[in-house]
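Per the numbering used here, the very first residue in the sequence shown carries number 6; after that it's consecutive.
Glycine is no exception: its CB is placed at the ideal position from the N, C-alpha and C atoms.
Remarks on the structure that follows.
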Amino acid sequence: MKTFQVLFVLLLTAAATDGQSFHIGNCPQPSVQEDFNVTKYMGTWYEIEKLPAVFEKGKCSQATYSLLPDGTVSVHNAEILSNGKINSIQGVGKVENASQPAILSVGFFKGVPDAPYWVLSTDYHSYALVYSCADYFRLFHVDFAWILARTRELSQDVIGQLHDKLTAAGVNVNRLIVSNQTGCDALEQ
């Protein structure tokens, strides 16, 4: 009976992560940006590519980060849904360990565990590479990755370099989806 329960939970979880990057085993531990400066990272970032994410349904995805007086980070994510409405969510990020400032946790809902937010690479003014991963039951993990830019476009050369970093971290870049950053005027107002 216990085997059936475990199988049921695994199948239920797999169904809930439809389209996600679902893998057997624990999360990888990629290297993060050295000497990360959270203040320089603040501002708006536009999603260029991503691993599939069930919670992202629209186009023109962007994230705006602002440093709060207590040292935490205000996170405002927004996108345009297919019906033209703006979908947005507000959260708070925090550095858990001052010696590793590129590893943050972000929470959007009370009572729900915060999500890891690892800045693998950034030059602060044009691109950022972000990774997140959650282990489940010590059996499998679901991961997310985002290539972000300060503008709605990023050169293919830079994207290629970021693909190489993801590949070195064990992420299958063939699963990345190019984000639609056209027709985004509603978010510019």
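If distances are taken between C-alpha atoms only, which option among the options comes closest to residue i?
| i | options | result |
| --- | --- | --- |
| residue 82 | 33, 163, 67 | 67 |
| residue 155 | 85, 30, 97, 46 | 46 |
| residue 190 | 36, 50, 84 | 84 |
| residue 121 | 106, 88, 128, 74 | 106 |
| residue 123 | 140, 113, 100 | 100 |
| residue 113 | 96, 134, 103 | 96 |
Helix, strand or coil for residue i per DSSP?
| i | result |
| --- | --- |
| residue 64 | strand |
| residue 165 | helix |
| residue 78 | strand |
| residue 148 | strand |
| residue 179 | helix |
| residue 191 | helix |
| residue 59 | coil |
| residue 72 | strand |
| residue 154 | strand |
| residue 45 | helix |
| residue 173 | helix |
Would you kindly check if the distance between the Cβ of residue j and the Cβ of residue i is under 9 Å?
| i | j | result |
| --- | --- | --- |
| residue 78 | residue 72 | yes |
| residue 57 | residue 125 | no |
| residue 185 | residue 90 | no |
| residue 153 | residue 132 | yes |
| residue 119 | residue 33 | no |
| residue 42 | residue 143 | no |
| residue 171 | residue 159 | no |
| residue 98 | residue 111 | yes |
Which term fits residue i, buried or exposed, when burial requires 16 or more other beta carbons within 10 angstroms of its beta carbon?
| i | result |
| --- | --- |
| residue 174 | buried |
| residue 130 | exposed |
| residue 53 | buried |
| residue 38 | buried |
| residue 150 | buried |
| residue 176 | buried |
| residue 12 | Bear in mind that a pLDDT of 36 at residue 12, under 50, signals an unreliable position, so the number given afterwards is only what the model happens to contain. With fewer than 16 other Cβ atoms within 10 Å, it is exposed. |
| residue 29 | exposed |
| residue 115 | exposed |
| residue 55 | buried |
Quick check: is the beta carbon of residue i nearer than 9 Å to any beta carbon in chain C?
| i | result |
| --- | --- |
| residue 114 | Among the protein chains of the structure shown there is no chain C, as only one such chain exists. |
Say the cut is 8 Å; is the CB of residue i nearer than that to a heavy atom of the ligand FAD?
| i | result |
| --- | --- |
| residue 103 | This structure does not include the ligand FAD; it has no bound ligands of any sort. |
Scan the segment 116–141 and note each continuous beta strand (DSSP E) run of 3 residues or more that stays entirely inside, going in chain order. 120–127, 132–141
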